[in-house]
Amino acid sequence: MAQLVLMPGKERSAMKRHPWLFAGSVGRLEGRARPGDTVEVLADDGRPLGRAAYSPRSQIRARFWTFDVDESVDDAFFKRRIAASVARRQALPELRGQSGLRRIHAESDGLPGVIADQYGDTVVVQLTSAGADKWRNAIVAGLVKATGCARVYERSDSEVRGLEGLEPATGWLHGTAPATTPTIVENGVTMAVDVAGGHKTGFYLDQRDNRQLLGRLSAGKSVLNCFCYTGGFSLQALAGGAASVLSIDSSGPALAQAAANLALNPQLPAAYAEWLEADVFAALREFRKAGRLFDLIVLDPPKFAPSAAHAERAAKAYKDINLLGFRLLNPGGLLMTYSCSGGVGLELFQKIVAGAARDAGRDARIVRRLAGAADHPVALGFPEGEYLKGLLVQVD
Ligand code: SAH
Numbered sequence: 009m010a011q012l013v014l015m016p017g018k019e020r021s022a023m024k025r026h027p028w029l030f031a032g033s034v035g036r037l038e039g040r041a042r043p044g045d046t047v048e049v050l051a052d053d054g055r056p057l058g059r060a061a062y063s064p065r066s067q068i069r070a071r072f073w074t075f076d077v078d079e080s081v082d083d084a085f086f087k088r089r090i091a092a093s094v095a096r097r098q099a100l101p102e103l104r105g106q107s108g109l110r111r112i113h114a115e116s117d118g119l120p121g122v123i124a125d126q127y128g129d130t131v132v133v134q135l136t137s138a139g140a141d142k143w144r145n146a147i148v149a150g151l152v153k154a155t156g157c158a159r160v161y162e163r164s165d166s167e168v169r170g171l172e173g174l175e176p177a178t179g180w181l182h183g184t185a186p187a188t189t190p191t192i193v194e195n196g197v198t199m200a201v202d203v204a205g206g207h208k209t210g211f212y213l214d215q216r217d218n219r220q221l222l223g224r225l226s227a228g229k230s231v232l233n234c235f236c237y238t239g240g241f242s243l244q245a246l247a248g249g250a251a252s253v254l255s256i257d258s259s260g261p262a263l264a265q266a267a268a269n270l271a272l273n274p275q276l277p278a279a280y281a282e283w284l285e286a287d288v289f290a291a292l293r294e295f296r297k298a299g300r301l302f303d304l305i306v307l308d309p310p311k312f313a314p315s316a317a318h319a320e321r322a323a324k325a326y327k328d329i330n331l332l333g334f335r336l337l338n339p340g341g342l343l344m345t346y347s348c349s350g351g352v353g354l355e356l357f358q359k360i361v362a363g364a365a366r367d368a369g370r371d372a373r374i375v376r377r378l379a380g381a382a383d384h385p386v387a388l389g390f391p392e393g394e395y396l397k398g399l400l401v402q403v404d
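Read left to right, the sequence shown gives residues 9 to 404 (my numbering).
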């Protein structure tokens with residue numbers, strides 16, 4: 009095994025069990041390693057620190073598989089890690105019996121670059137690092153064993169693969185394509201999941217609890233769901249007894265899937281739902297001009313800032329959208345607002361939302377802080393694992 013020797017003093021983050029080694033902390037490679045190969049990581053003084061996947065093209069030059077200097081990284085390693093990841097979720101009562109569930113949340117489950125979401129009997133896997141890509145077969149075998157699922161589909165078409173020098177890869181890795189689109193039941197609502205064509209692995213499982221909360225808040229309310237995608241929040245609002253639900257997205261296919269999802273739920277009052285294909289920023293300005301108001305508004309935009317470098321431009325977009333949201337609320341109304349940008353932390357997000365409320369001339373308070381569901385854990389000491397942050401804000 010080749011050895012990756014760190015610069016003097018650069019072993020600190022590894023000592024704290026941070027899973028990434030940036031290019032700037034790496035001194036030299038002793039021996040030969042290709043992208044994705046496992047290397048032994050050593051401090052400058054020769055002390056072994058663990059084993060990592062080498063990624064020469066990436067600024068994240070290596071990702072630790074293990075901090076146990078004696079642990080082998082082989083098929084059995086992936087079997088163990090995946091079984092543990094599945095078992096952890098089984099142990100949490102709130103996740104038991106979910107038919108749509110994240111099984112592996114990358115670094116936070118000790119498997120850098122590996123995402124796995126299960127929808128019914130189908131698992132969708134996304135491999136985003138050179139190391140994860142290399143161990144594809146072991147990962148698929150581990151998932152089949154631990155979940156008992158019938159099929160595995162690969163959705164490794166995330167842009168971040170480019171940073172690792174990897175091409176996109178998609179297709180069935182185990183089993184065959186199902187005759188019909190997989191469906192899940194989330195808090196009583198049936199949702200079809202387009203694993204091949206949907207966003208990410210097909211569905212935003214991390215918002216499960218927040219969609220349920222929206223349902224609980226919706227009785228008798230006029231609801232505006234911005235960036236609705238396939239209607240997850242919209243359908244929970246209808247299930248919760250909303251008086252009306254207007255949902256906006258700029259994607260025609262997402263809206264078509266949303267309407268199809270509504271049709272899968274004959275128990276919901278379809279007549280209360282309205283779908284609008286539009287740019288949210290433009291639509292909200294139109295509503296403002298028309299003097300249209302809502303009791304409950306959801307803002308769940310796409311990632312405006314993939315990294316800290318984009319934070320400033322993202323901050324402006326969050327400010328705009330939240331300002332518009334605050335202006336469209338009835339007295340006593342609620343704004344449920346999110347950021348899934350890695351580059352915008354909770355503190356900054358809260359500042360932006362506070363500024364938006366102030367500029368909209370609304371007195372407001374945070375009723376609740378919101379985060380991702382329990383199948384999207386964040387490893388202690390790995391703040392990069394925290395993507396989704398949200399605020400439930402009530403205006404006077
Ligand atoms: N809330 C959804 C997930 C939202 S994903 C859920 O719970 O499933 C973000 C969505 O925003 C995507 O569907 C994308 O098509 C849409 N989108 C991105 N930019 C937009 C814009 N400017 N106007 C309207 N929709 C937009």
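The beta-carbon is built from N, C-alpha and C at its ideal position, and this holds for glycine as well.
- With fewer than 16 neighbouring CB atoms inside 10 Å of its own CB, residue 170 falls in the exposed class.
- Scanning its chain for C-beta atoms nearer than 8 Å, with the 5 sequence neighbours on each side dropped, one finds around residue 162 the residues 132, 133, 134, 135, 144, 177, 178, 179, 180, 181, in chain order.
- The beta-bridge partner set that DSSP reports for residue 283 consists of 255.
- Straight-line measurement puts the Cα of residue 356 at about 30 Å from the Cα of residue 165.
- The C-beta separation of residue 281 from residue 270 comes to about 6 Å, placing the pair in contact by the 8 Å criterion.
- For the stretch 323–403, the continuous alpha helix (DSSP H) assignments of 4+ residues that do not extend past its boundaries occur at 354–367, in sequence order.
- With a 10 Å radius around the Cβ and a threshold of 16 neighbouring Cβ atoms, residue 175 comes out exposed.
- Secondary structure of residue 101 (DSSP, three-state): helix.
- Ordered along the chain, residues surrounding the ligand SAH are 212, 215, 235, 237, 240, 257, 258, 259, 262, 287, 288, 308, 310 [Cβ under 5 Å from any heavy atom].
- Put simply, the stretch 58–78 touches the stretch 15–25. At least three CB pairs are less than 8 Å apart.
- It is roughly 9 Å from the alpha-carbon of residue 118 to the alpha-carbon of residue 112.
- Counting C-beta pairs closer than 8 Å gives three or more between the stretch 186–199 and the stretch 218–226, which meets the contact rule.
- Residue environment: residue 172 is assigned as buried (16 or more neighbouring CB atoms within 10 Å of its CB, all protein chains considered).
- Under the three-state reduction of DSSP output, residue 295 falls in the helix class.
- The count of Cβ pairs closer than 8 Å, one atom from the stretch 23–43 and one from the stretch 61–81, reaches three, so the stretches are in contact.
- In this structure, residue 38 lies away from residue 67, with their beta-carbon atoms at least 8 Å apart.
- Contact check for residue 116 against residue 387 passes: the beta carbons are separated by less than 8 Å.
- Under the three-state reduction of DSSP output, residue 238 falls in the coil class, being neither helix nor strand.
- Scanning 396, 26, 81 for the CA closest to the CA of residue 218 turns up 396.
- One Cα belongs to residue 327, the other to residue 380, and the distance between them is close to 22 Å.
- The three-state reading of DSSP puts residue 170 in helix, counting H, G and I together.
- In the DSSP assignment, the residues bridged to residue 29 are 70.
- When beta bridges are read from the DSSP output, residue 197 appears opposite 194.
- Residue 18 and residue 343 have their C-alpha atoms roughly 44 Å apart.
- Straight through space, the alpha carbons of residue 338 and residue 372 are spaced by roughly 12 Å.
- When the alpha-carbon of residue 389 is set against those of 9, 28, 13, 15, the nearest one is in 28.
- Here the alpha carbon of residue 230 sits roughly 52 Å from the alpha carbon of residue 32.
- Between residue 97 and residue 130, the C-beta gap is not smaller than 8 Å, which leaves the two residues out of contact.
- The stretch 231–249 and the stretch 352–369 do not touch, with fewer than three beta-carbon pairs separated by less than 8 Å.
- Of all alpha-carbon atoms in 267, 248, 320, the one lying nearest the alpha-carbon of residue 228 is that of 248.
- Residues 108, 125, 127, 192, 199, 201, 238, 240 of the same chain have their beta carbon placed closer than 8 Å to that of residue 211, with the five preceding and five following residues left out of the count.
- When secondary structure is reduced to three states using DSSP, residue 215 falls in the helix class.
- By the neighbour-count criterion, in which 16 or more other beta carbons inside 10 Å mark a residue as buried, residue 299 falls on the exposed side.
- Rounded to whole angstroms, the separation of the alpha carbons of residue 155 and residue 99 is 14 Å.
- Pairing residue 204 with residue 311, the inter-Cα distance amounts to about 21 Å.
- The DSSP-derived three-state label of residue 75 is coil.
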